[in-house]
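>
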Amino acid sequence: MSKQIDYSLYLVTWRELLPPGKDFYESLEESLQGGVTIVQIREKATETREFVKIAAKSKAICDKYNVPLIINDRVDVALAVNASGVHVGQTDMPVDVVKRLLPIGSIVGVSCNNLDHVKVAVNDGVDYIGIGSVWSTKTKSLTSPLVGVRGVGVLLDALEGTEIKAVAIGGIKSTNLLRTLYGAVSQRGHILDGVAVVSDIVASRNPQNAAANLSAIIHKFKAQKHIVPAMISTPLTSEGVLKQVLDIFVAIKKTNPLIHQITNTVVSTQSANITLALGASPIMATSAKEMQDLSKIPGALLVNIGTLVDDTKEGMLASGLYANLARKPVVLDPVGVGASQYRKDTINELLDTWQVSVIKGNAGELAALSGTSEVESKGVDSVGDGFRDPISFVRNLARKERCVVALTGKVDYVSDGKLVIALHNGHEMLGRITGSGCMVGSCIASFCAGQASLPHDDEIITRGFANQYMLCAAVGGITVLNVAAEMAVASGNVHGTGTFLSALIDTLFQLSPEDITGHASIRICT
Ligand code: 3NM
Ligand code: MG
């Protein structure tokens, strides 16, 4: 039997979730018409005779669509209906026994929640693993912690060098599917072979539409060439970066992009004013209820957790999700993330919920952010002033979070996971007013929006996700504010922190491309 299986859209059935009046077989057939590529029949509390009957009828339907049928847990049922294979959980029959009992060429899959499970599965030579639960789910009561989108890549890493396929499961819906696919990637760029879905299809009155929606997102994602930012290899020079910064700067002035900012109450006015001075327009909405509507208008989203409360957190979660769906760049400023467990948990939840384009923070914030992760803390040597090796640190963090990382400090370092750029502009007065870091966030978001408004030839590159274009946007946002600070002080109009803030806004307002060219210090690190 051929093992060329298409795992893209893996339906797991669950009769209890069918909408009232919906027939199981009708739902199954409609799902197949919508584009389900493999089906698992899951019956936990069904008598054997009934299970065999359901499996046989399901098999006949799947055969019509040439889609393989897998049986959950029960080898005898699989044998009885000549199914394509069996899926087992960690407490079910051991894989070696399943393989011994099933005909040669049958598919054997196993559920994995952690790295140990994957190692055993590799050793057992399974055909595929189901990694979950990725998101929280109401369908099944979970006994192990959530893997999280960003945790999937770690498990995929353990499959490197094998032929074993992987699907993610748990809480996957059309609204978070793109985030799931994009975020679940191994260090070496291996992506999921598919996703397993229960409720988003089974509980739907129109499973054909539900499956078709999911299928369209999967196909669109797989068709994108530059999925991994580190794989983009166009060489960039310092001059090339400066040129892009200038192009974006001009584009902001020309297009006045709307920048949606969920920021803190300390700096809100200041951030709005700096955005206006740059030529963009701020909108400072926070309610989760308006995020879907708002995602369509702005050019970029900034999320800043400076004065985090539960209400704004709901807005943040929703805003990024919708921004991702609308392919708008998302900038995250994890203000003071190291200060409390609440902030740490929130940042993890935000990063697991949506794909960020740029994370901007100072050394303390980025150290705390990377330290909470289970993936890789290599390069985080810092206590106090900064990192011993900031270049490796930003590069590693950018790779891990699959976004651009901007580490601000005396020297700023920005990386897309491949290139690292050092920026030597700025003035110590910036450290003496409140919210200068937050203003950098607003400038970066404005540059991301300006960048996205420029013509590019690839949708994923153009809109939203991390890549070299977002790298240049982050460089631009940091550079304009730092150059404005230098020029403001040099103007002689600054007599203290109050006049500095005014002079900073004025200077940014009047900043010209020539000012940027004359002052910018942008260096690509080797
Ligand atoms: N297995 P939904 S989560 C069957 O974590 C199953 O292994 C899981 O349902 C695991 O798509 C899950 O409705 C249920 O969230 C997934
Ligand atoms: Mg089981």
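Position one of the sequence shown corresponds to residue 1 (full-length UniProt numbering), numbered consecutively onward. C-beta atoms are modelled at their ideal positions from N, C-alpha and C, and glycine is treated no differently.
1. Quick check: the Cα distance between Asn396 and Val405, rounded to an integer number of angstroms?
2. According to DSSP, is Asn72 helix, strand or coil?
3. What first and last residue would you give for the beta strand (DSSP E) that runs through Leu17?
4. How would you write the range of the alpha helix (DSSP H) that Ser268 sits in, first residue to last?
5. Determine, using beta carbons only, whether Val489 and Ile516 come nearer to each other than 8 Å.
6. Please go through the stretch 295-336 and give each complete beta strand (DSSP E) segment of 3 or more residues, from N-terminal end onward.
7. Who does His87 pair with in a DSSP beta bridge?
8. Buried or exposed, going by whether 16 or more other CB atoms sit within 10 Å of the CB of Ala45?
9. Looking at the unbroken beta strand (DSSP E) that takes in Arg100, where does it start and where does it end?
10. Cβ of Lys140 versus every heavy atom of the ligand PLP: is any distance shorter than 7 Å?
11. With the cut-off set at 8 Å, would you say Tyr7 and Val167 are in Cβ contact?
12. In this structure, how does DSSP classify Leu178 when only helix, strand and coil are distinguished?
13. For the ligand 3NM, I want to know if Ser31 counts as a neighbour, meaning its beta carbon is within less than 7 Å of at least one of the ligand's heavy atoms.
14. Closer than 8 Å is the cut-off here; do at least three beta carbon pairs connect the stretch 432-452 with the stretch 385-394?
15. Closer than 8 Å is the cut-off here; do at least three beta carbon pairs connect the stretch 167-182 with the stretch 318-330?
16. Per DSSP, which one or two residues make a beta bridge with Ser415?
17. What residues in its chain sit with their C-beta under 6 Å from that of Asp412, if we drop five residues either side in the sequence?
18. Determine the extent of the alpha helix (DSSP H) in which Asn209 is found, giving its start and end residues.
19. For Ser281, list the residues DSSP reports as bridge partners.
20. What ranges does the alpha helix (DSSP H) occupy inside the stretch 20-70, keeping only unbroken runs of at least 4 residues that lie completely in it?
21. So is Val97 buried or exposed if we call it buried at 16+ other beta carbons inside 10 Å?
22. For the alpha helix (DSSP H) containing Leu11, name the first residue and the last one.
23. Just the Cα atoms here: how many angstroms apart are Ala474 and Phe447?
24. Helix, strand or coil: which one does DSSP assign to Glu459?
25. Considering only the beta carbon of each residue, do Val122 and Val86 sit closer than 8 Å?
26. At a threshold of 7 Å, does Ser215 count as lining the ligand 3NM (C-beta to nearest heavy atom)?
27. Given a cut-off of 8 Å on the beta-carbon distance, is the pair Ser111 and Gly125 in contact?
28. Would you call the CB atoms of Ile259 and Thr275 closer than 8 Å?
Quick answer:
1. Computed Cα separation, rounded: 9 Å.
2. In the three-state reduction of the DSSP assignment, Asn72 falls in the strand class.
3. Segment: none, Leu17 is in no beta strand (DSSP E) and carries neither H nor E.
4. Segment Ser268 to Leu278, the alpha helix (DSSP H) holding Ser268.
5. Between Val489 and Ile516, the gap from beta carbon to beta carbon reaches 8 Å or more.
6. Scanning the stretch 295-336 for uninterrupted beta strand (DSSP E) segments of 3 residues or longer gives 300-304 and 330-333, listed from N- to C-terminal end.
7. Its beta-bridge partners are Asn72 and Gly109.
8. Within 10 angstroms of the beta-carbon of Ala45 lie fewer than 16 other beta-carbons, which makes it exposed.
9. Run containing Arg100: none in the beta strand (DSSP E); it sits in the alpha helix (DSSP H), Val95 to Leu101.
10. Only the ligand 3NM and the ligand MG can be found as ligands here, which leaves the ligand PLP out of the picture.
11. Yes, these two residues count as a Cβ contact at 8 Å.
12. In this structure, Leu178 counts as helix in the three-state DSSP scheme.
13. Not one heavy atom of the ligand 3NM falls within 7 Å of the beta-carbon of Ser31.
14. They do not touch, by the three-pair rule.
15. In short, these stretches touch, since the Cβ pair count reaches three.
16. Note: Ser415 sits in a beta bridge opposite Val405 and Val420.
17. The answer, listed in chain order, is Leu423 and Ile478.
18. Counting along the chain, the alpha helix (DSSP H) containing Asn209 begins and ends at Pro207 to Ala223.
19. Beta-bridge pairing links Ser281 to Leu258.
20. Every alpha helix (DSSP H) of 4 residues or more that sits fully in the stretch 20-70 is shown, in chain order, as 24-34 and 48-64.
21. Counting Cβ neighbours within 10 Å, Val97 comes out exposed, since fewer than 16 surround it.
22. It is not in any alpha helix (DSSP H) - Leu11 instead sits in the beta strand (DSSP E) that spans Leu9 to Val12.
23. Answer to the nearest angstrom: the Cα atoms are 7 Å apart.
24. Its pLDDT being 49, under 50, Glu459 is placed unreliably in this model, and the coordinates cannot settle the point.
25. Contact: no.
26. False, no ligand heavy atom lies under 7 Å from that Cβ.
27. No; because the gap between Cβ atoms is not below 8 Å, this pair is not in contact.
28. Inclusion of Ile259 and Thr275 in the CB contact set at 8 Å is warranted, their separation being smaller than that value.
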